[in-house]
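Below is one structure, written out as C-alpha cells; comments come after it.
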C-alpha cells in the first residue's frame, strides 16, 4: 500500500464504517481492514490518519485499531511468516514514542499500550534506545508528556510483578534501574516540591498527584523482584516522602463523589501497597520506618469513612496491617490484649458490615457482586481485607482473637433475633465473621481444608444456617439465604455427609429464587458438592442418593436459565454439566426434552458469543448427553445429529470463530460412535474441511485433525472410492502441519491415521513424497518432539506394510538411506519415545526390522543388527530418556499470539487412546523372543549372537 492521499482517504472511510452499529455495514469494513493489514505501510497509514485527521473520533478509532493490530501481529512466531515487514517495524519504533507523547490523553493511552506490547517483545535487545528516549522527556517540564512517559513505563514494567526469576529478567531489570531509577527519584522529589509550590492551584495539583501515583506504581514494580541497591541507598528519601504523603490532607483534592476514588485516595492506596511490600519482603531494611507507617496507617483507618470511594484505600491499608501482623518479629506490636481489642473493634468489625452500597450491588449488579464475592476478585473489598487481617492475627493470637470475636458474634445474633426484619445485617456480619475466623486454609477444589478448632462449625450450621435454608419463603431475606448457601459451599469439607445430604434438596429449591445472586450460589454450591470424592475415589454423593431429587434438580436448573439476568449464567450451566456427569444413566429419560433446550440455547448464544465459560459448559453438557445416551443405545446417535446439525451448519456458515473448534469436537464424538459406514451427511462436509482458510486458525487445528482421523477411521474406503481426488488435499494438510514446530505432532496424528486406515493402493503414488517431506523437515529443523513422532510413524509403517517395504522406500529415495536412519535415528533416539502405545508400536516395528528384513542379515546393514537389538531391549528395560538439547526451545502448543481463538479441549468429548496394533500383539517382549527363535530356526548359526545379547540383558517377559 502506497503512502498517498488516496489510500489515507480509503482507510479513513473504512474506519468510519467500523463505527456504524449496523452489522451489514460494519462487518464488511472490518473484513476489509483484516484483508489489507498484511500489506506493507498499513500500520504507517494508520499512524498517519491518527496524527493528521481532523476528526477526533476517527483519530481514536485509528489508535484502537493500531493497538489491536500490534497485539495480533507484532510477535514473531517461529515457522510462521512475519506479519509486519521489517521497514514498518523500524518506522513504528522510530515514531511511536514521540507521537504518543504529543497526542491527547485518550489516544496516548492506546499508543502507550501499543508501546508496552512492542516492548514486551523487543525491549531491550531490539529496542535499546527506548528507555533513554523516554527518560530525556522528564526534562521537558510538561507534565502531559511526563505522565505519558510514566504511564508507558508502568505498562512496560508491571510484568516484573509476576515474572519468574531468571538471569534474563535480572539483566533487564538491572538495565532499567541503571537508566531509570535515578531520574525517577529526581522526578519524585521535584514533583513533591511542585505540589508545595502549587498547593492552592487545584488543576496543577490534579496533574501532579496523578504523576505521583504513577511514580509510586513504578516504585512497586521496580522493587518487587528484589530490593535494588539504589532504592536501599535512597530509602530515606522515598520512605520519608511516602510517609508525608500518607498523612497529607489537602482539602482541594477531596471529592464529593461517593463512588469514585479521588487522586488522594489512589495515591495513598498505592503507598500502602508499597509499605506492605517492604514490610513483607525487606523487613530488616524497613524496620526503622515501620512504626511510623503502622501509626499513620492506623490513623488513616480509624478516620476514613464508609463511602465506596475509600474501599481501595481501606482494603490496602488493612492488607498492610495483615502483612505486618503475621511476620514473627513484628509480633510484639500486637501482643497487648487492648491492641487486639482495638483492632477488632475499630478496624475489623466496621469493615465487615454489609453497607447499603453492597446491598445495591447485590440487587442491581449481581454479576459484579458474584465475581467479587465468589471468585476471589474481591481482593480490593473491605470485607476480604478484614478477613485476611483476622487470619493474620490468628496465626499468633488465635485464642484471644477467637474469644474477642465470639462475643461480637453472640451480640450480633442477639440483635438479629430481637427484630430479624430490621436487624438482618447483624446476622450477615456474624456469618462473615464466623467464616473468616474458622477459615485457616482453603482450596478451589475442596473449599476450607483447615479450620479453627475453637469454632464449632456443625453446631453453627444447625443453629443458624439450616434455619435460613429451610425457610418456606425462599425469596425472603435473599442476602441471608445467599450467606447460608455460601456457608455450605465454603465448609463442605468440614461438614458431615448427613448435613450435606440434608442441604441438597434445600439448595435445589433455591435454584428457583428471584435473586440472581441467590440462585447462582445455589447452582455453584450443588456443582461443588457433586465434585466431592468419598471412599475409593467415588463421588461422595451417589446417583442413588440423588434419585428422589433428580427430576426437580434438572427442571429447576433449566428453569433458572429463564430467569431474567441469568440466561447465560455460567454457574448454572456448569451445574447442569456436573449434574449430567454425576447422574449418568439416570438422565437418559430426560434427554429428549433437555437436548431441545440445549440446542435452542446454543442457537441463541451463537448469534453473539459473549460468555466463554458459559459456552464451554454448554458444549460439555451436549457431549455428556451424547456419551451417556449412546452408551446405553448407540442407535440414538442419529437423533442427536438431527437435533444438532442444523445449528452446527449455521455456525459453520456464519464462521462463528469461537464455536467452530467446539463443533468439530462434537462432530468427532458423534462420528466415532457410528458403527457402520460413514453417513452421507458427513461426506458432504469432507471437502470443506480441507480448505486452507480453516487451517490458518491455530485453535481449529487439534479438533480438525481429530475430526479427519474420525473420517479416516469410519470411512477410509468411502474416501478412496468416492473422494479420491481429495487425497492430495488431505496430504496437503499434513504437509502444512509438518512444517510447523508447534503443530508437527498434529501432522503425524493425521499421517498415522492415513497409513493405518487408507486402502494401501489408494496412497501408493504418494508414499515416496511423504517420506521426502519428512526428511526435508529433519534436515532443516530437527527437534526431539519431531524425532519421537517420526520414530512412531516409521515403525507404524513397518507394522502395516512390512519391514521390506520400509527398507525399500528408504533406499529408493537414496541408496543406503535405510542404514543411515537405523544408525543415526532409530538406535540413538528410540529411548526418547514416550507413551505405552507409542512404545509398543516401536517395539513391534523394530522386531520386524530385526527378523523380517533380509537386508539386515546379508548386506552392510548387518553390523547394525546387534546395536538395534540392544536399543530395543533398552526400550523395554531402561527408563525413558526425557532429556532435551540445551539449544532447543519449544513453543508451547497453546501459546499463540494475539486474538486468535485458542483451542479449548472439551473434557467430555475426550477420545480413548487408540492402539493400532491392538490384540494382535499383547506383549511385545514375547513377540521379540518368538520372532528371534523363528529367525534362528530359519537361519541356523547366523544369529547365535542373539542368545548372548538376550542373556546379558536379561530380557524379562
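In my numbering, the protein residues as written are 29 to 985.
Every residue gets a Cβ at the ideal spot worked out from N, C-alpha and C, and that includes glycine.
As the structure is a prediction and not an experimental result, all values here were calculated from the model.
Asked	Found
Are residue 615 and residue 654 close, meaning C-beta to C-beta below 9 angstroms?	no
For the alpha helix (DSSP H) containing residue 626, list its first residue and its last residue.	619-634
Would you report the Cα separation of residue 922 and residue 827, rounded to the nearest angstrom?	The predicted model places residue 922 with a pLDDT of 32, which falls under 50 and marks its position as unreliable, so this point remains unresolved.
Compute the Euclidean distance between the alpha carbons of residue 133 and residue 216, then round it to the nearest angstrom.	21 angstroms
If I measure Cβ to Cβ from residue 690 and keep anything under 7 angstroms in the same chain, skipping five residues before and after, which residues do I get?	647 and 934
Alpha carbon to alpha carbon, how far is residue 768 from residue 107?	5 angstroms
Which word fits residue 48, buried or exposed, when buried means at least 16 other C-beta atoms lie within 10 angstroms of its C-beta?	exposed
Quick one: what does DSSP say residue 383 is sitting in, helix, strand or coil?	coil
Should residue 624 be labelled buried (16 or more other beta-carbon atoms within 10 Å of its own) or exposed?	exposed
Using alpha carbons as the reference points, say which of 680, 374, 699 and 121 lies closest to residue 663.	699
Closest to residue 488 by CA distance: which of 516, 613 and 694 is it?	516
Taking all protein chains shown into account, decide if residue 267 is buried (16 or more other Cβ within 10 angstroms of its Cβ) or exposed.	buried
What's the call for residue 31, buried or exposed, on a 16-neighbour Cβ count within 10 Å?	exposed
Could you say which of 640, 661, 636 and 709 lies nearest to residue 683 if we only look at CA atoms?	636
Return the CA-CA distance between residue 730 and residue 305, expressed in angstroms with no decimal places.	43 angstroms
Measure the C-alpha to C-alpha separation of residue 609 and residue 555 and round it to an integer number of angstroms.	10 angstroms
Within 10 angstroms of the Cβ of residue 772, are there 16 or more other Cβ atoms? Answer buried if so, exposed if not.	buried
Measuring only the C-alpha atoms, how far is residue 116 from residue 139?	16 angstroms
Mind checking whether residue 437 and residue 458 have CB atoms under 9 angstroms apart?	yes
What does a CB cutoff of less than 8 angstroms around residue 429 pick up in its chain, not counting 5 residues either side in sequence?	368, 372, 418, 421, 422 and 465
Roughly how many whole angstroms lie between the Cα atoms of residue 242 and residue 79?	26 angstroms
Leaving out five residues on either side along the sequence, give the residues of the same chain with a beta carbon under 7 angstroms from the beta carbon of residue 149.	102 and 103
What runs of the alpha helix (DSSP H), each 4 residues or longer, lie entirely inside the region 293-352?	311-314 and 318-331
To the nearest angstrom, report how far apart residue 59 and residue 119 are at their CA atoms.	25 angstroms
In the DSSP assignment, find the alpha helix (DSSP H) that holds residue 230 and state where it starts and stops.	230-252
Once DSSP output is grouped into helix, strand and coil, what is the label at residue 553?	helix
By DSSP's criteria, residue 430 is part of a beta bridge. Which residues make up the other side?	Partner(s): none; residue 430 has no beta bridge.
Cβ atoms of residue 356 and residue 424: under 9 angstroms apart, would you say?	yes
So which of 69, 707 and 688 has the shortest CA-CA distance to residue 669?	707
Identify whether residue 283 lies in helix, strand or coil by the three-state DSSP scheme.	coil
Please classify residue 961 as buried or exposed, where buried requires at least 16 neighbouring CB atoms within 10 angstroms.	exposed
Whole angstroms is fine: what's the gap from residue 29's alpha carbon to residue 36's?	10 angstroms
What's the C-alpha gap between residue 225 and residue 85?	37 angstroms
Is residue 925 helix, strand or coil by DSSP?	For residue 925, the predicted structure reports a pLDDT of 32, less than 50, and the residue's modelled location is therefore unreliable. The matter cannot be settled from this model.
Where do the N-terminal and C-terminal ends of the alpha helix (DSSP H) with residue 639 fall, by residue?	That residue, residue 639, is in no alpha helix (DSSP H); it is neither H nor E in DSSP.
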